[in-house]
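*Asks:*
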Amino acid sequence: MTTVDPRTELSEFLRSRRARLSPDDVGLPQYGRTRRVPGLRREELAQLAGVSVAYYTRLEQGNGRNVSTEVLDSIARALRLNDAERAHLQNLTRTRSSKKKAPRSQVRPALQHLLDGIGVPAYIGGRRTDVLAWNPMAAALFGDWGELEPRDRNWARMIFLRPSYQELFVNWQSKAADIVGFLRLDAGCCSDDPELAALIGELSLKSELFRQLWAAYEVKEKSFGTKVLKHPLVGEMTLSYETLRMPSEPNLFLSTYHAEPGTASAEALQLLASWGKDAARDGASVRNQA
Numbered sequence: 001m002t003t004v005d006p007r008t009e010l011s012e013f014l015r016s017r018r019a020r021l022s023p024d025d026v027g028l029p030q031y032g033r034t035r036r037v038p039g040l041r042r043e044e045l046a047q048l049a050g051v052s053v054a055y056y057t058r059l060e061q062g063n064g065r066n067v068s069t070e071v072l073d074s075i076a077r078a079l080r081l082n083d084a085e086r087a088h089l090q091n092l093t094r095t096r097s098s099k100k101k102a103p104r105s106q107v108r109p110a111l112q113h114l115l116d117g118i119g120v121p122a123y124i125g126g127r128r129t130d131v132l133a134w135n136p137m138a139a140a141l142f143g144d145w146g147e148l149e150p151r152d153r154n155w156a157r158m159i160f161l162r163p164s165y166q167e168l169f170v171n172w173q174s175k176a177a178d179i180v181g182f183l184r185l186d187a188g189c190c191s192d193d194p195e196l197a198a199l200i201g202e203l204s205l206k207s208e209l210f211r212q213l214w215a216a217y218e219v220k221e222k223s224f225g226t227k228v229l230k231h232p233l234v235g236e237m238t239l240s241y242e243t244l245r246m247p248s249e250p251n252l253f254l255s256t257y258h259a260e261p262g263t264a265s266a267e268a269l270q271l272l273a274s275w276g277k278d279a280a281r282d283g284a285s286v287r288n289q290a
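Numbering (the UniProt record's numbering), first residue to last: 1 to 290.
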C-alpha cells in the first residue's frame, strides 16, 4: 500500500454519509415497511440534491472528475455534511493531477521561541498527526517526545500503539476517534502521500479499534474542546484545548491546553509547570556536561 485510492475514498465516504440518513430525517415519505439498504436510497438522495440518479450513481462509484462546485454544494446539503465533511468531499473530487504531495513541514526557529514563551502546554503539529515541536510544559504533560524517534512523534501511533497514552486520556477512545477523523481529512487532500498510506496500513494491522474507526468514515477538523487527563504525577485534570492554524503555513497548527483558573486542574497544571522547568534545566545541564 503506497497511496490512498481517492476513488475508493469518495465512493465509501458518500455511501457512509447516505447510510446515516433516513427518509424521516429529510422529510421524505416512507414507501413500504422494509428497506433493503440502511439510510436513503440513491434515487432519494439524487432527488434531494437535484441531480439525475445516473449522475449521482457515477459520483458514488468514485467518478468525481469535472464535478461543479454547485453540484457538490447541493449534494453536501442533501447529505447534511458539516464543514469538515464538505472540505473532505471537495478534496476527494479534485483530479489527481491537481494534487501536490505534502511537503516536509519545517518549524521556523521563531515558532519554537513562541512555544517556549507560552505559559501553558503547547505544541506544533503537522500532517498525519505528526508532532513537530513543543515546549517544556507539553513534555511535562504528555511525556518527553524528544525521547522518541521522529517517526514515533505522531499522535496516531502514540494513541493506538502506546498503552501509556491510553492510560493518560480518561476517555481515550474519544481521542482515538478524533485522531482517525483527522487522518481521514488528510487522506482526502493528500491521497498520494506514501507516509500517510504507510501509517494507515501499519495501524490497520496493529489495532482492531483503528480498523473499526477507519471503516466508519468519520471526518474531523482540529478545533477546540475539553479533555480529561489522568496524569501519573498530579492525578486527574480537566483541560481545554484550542487549535490555531498558521496562516502562512497551512500544514501546521498550534495546539494549546489550559485549565480554568482557580480550579484543582489549574493547581495540578501549575505543579506540572514547575516540574517541567526543573526537568528542562536538568536536561540542559546534562547536555552541557556531555
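The C-beta atom is built at its ideal place from N, Cα and C for all residues, glycine as well.
If you scan the segment 44-86 from start to end, which runs of the alpha helix (DSSP H) of 4 or more residues do you find wholly inside it?
*Replies:* Complete alpha helix (DSSP H) runs here, min 4: 53-60, 69-79.
*Asks:* Exposed or buried, glutamate 267, counting other C-beta atoms within 10 Å across all chains shown (16 or more means buried)?
*Replies:* So glutamate 267 ends up on the exposed side.
*Asks:* Taking only the alpha-carbon atoms, compute the straight-line gap between arginine 96 and glutamine 90 and give it to the nearest angstrom.
*Replies:* Note that arginine 96 scores a pLDDT of 47, beneath 50, so its modelled location is shaky; the value from the coordinates is reported in the next line. If I take the Cα positions, the gap works out to 12 Å.
*Asks:* Which runs of the alpha helix (DSSP H) spanning at least 4 residues fall entirely within the segment 167-197, listed in chain order?
*Replies:* Listed in chain order, the complete alpha helix (DSSP H) runs (minimum 4 residues) inside the segment 167-197 are 172-189.
*Asks:* Suppose only complete runs of 3+ residues qualify. What are the beta strand (DSSP E) ranges in the segment 201-234, listed by chain order?
*Replies:* Complete beta strand (DSSP E) runs here, min 3: 224-231.
*Asks:* What would DSSP say about arginine 20, mapped onto helix, strand or coil?
*Replies:* Of the three classes helix, strand and coil, the one that applies to arginine 20 here is coil, per DSSP.
*Asks:* Ends of the alpha helix (DSSP H) at isoleucine 159?
*Replies:* Element bounds for isoleucine 159: 155-161.
*Asks:* Skipping 5 residues on each side, what residues in its chain have a beta carbon closer than 7 Å to that of phenylalanine 169?
*Replies:* Contacts found: Lys175, Lys227, Leu229.
*Asks:* Keeping to the same chain, check which residues put their C-beta closer than 8 Å to that of glutamate 43; ignore five residues upstream and five downstream.
*Replies:* Closer than 8 Å at the Cβ level, and outside the excluded window around glutamate 43, lie Val53.
*Asks:* Compare the Cα-Cα distances from valine 107 to each of Tyr123, Ile118, Leu92 and report the closest residue.
*Replies:* Checked all of Tyr123, Ile118, Leu92; the closest Cα to valine 107 is Tyr123.
*Asks:* In this structure, how does DSSP classify glutamate 260 when only helix, strand and coil are distinguished?
*Replies:* Reduced to three states, the DSSP call for glutamate 260 is coil.
*Asks:* Kindly identify the DSSP beta-bridge partner or partners of tryptophan 134.
*Replies:* For tryptophan 134, which the question treats as bridged, DSSP gives the partners Tyr123.
*Asks:* Any idea what DSSP makes of proline 38, helix, strand or coil?
*Replies:* Three-state DSSP puts proline 38 in coil, outside helix and strand.
*Asks:* Of the choices Ala216, Leu161, Tyr241, whose alpha-carbon is the least far from that of phenylalanine 253?
*Replies:* That would be Tyr241, whose Cα lies nearest to the Cα of phenylalanine 253.
*Asks:* Give me the Cβ distance between serine 74 and valine 51, rounded to the nearest whole Å; I'm assuming they're in contact under 8 Å.
*Replies:* 7 Å between Cβ atoms; contact.
*Asks:* Just verifying my parser: in three-state terms, what is the DSSP assignment at glycine 117?
*Replies:* Reduced to three states, the DSSP call for glycine 117 is helix.
*Asks:* Cα separation between proline 150 and lysine 206?
*Replies:* Proline 150 and lysine 206: Cα-Cα distance of roughly 19 Å.
*Asks:* Pull up the distance between the alpha-carbon of arginine 20 and that of leucine 45, whole angstroms please.
*Replies:* Each residue's Cα considered, the two are about 12 Å apart.
*Asks:* Can you check whether the CB of leucine 269 is closer than 7 Å to the CB of alanine 259?
*Replies:* Cβ atoms of alanine 259 and leucine 269: closer than 7 Å.
*Asks:* At the level of alpha carbons, what is the spacing between leucine 141 and alanine 76?
*Replies:* If you take the alpha carbons of leucine 141 and alanine 76, they lie about 39 Å apart.
*Asks:* According to DSSP, is arginine 245 part of a helix, a strand, or is it coil?
*Replies:* If DSSP states are grouped into helix, strand and coil, arginine 245 belongs with the strands.
*Asks:* Hey, how far is the Cα of threonine 8 from the Cα of glycine 143?
*Replies:* If I take the Cα positions, the gap works out to 37 Å.
*Asks:* Put threonine 238 into one of helix, strand or coil per three-state DSSP.
*Replies:* Three-state result, threonine 238: strand.
*Asks:* Beta carbon of proline 121, beta carbon of alanine 138: below 7 Å?
*Replies:* Cβ distance < 7 Å, so proline 121 and alanine 138 count as in contact.
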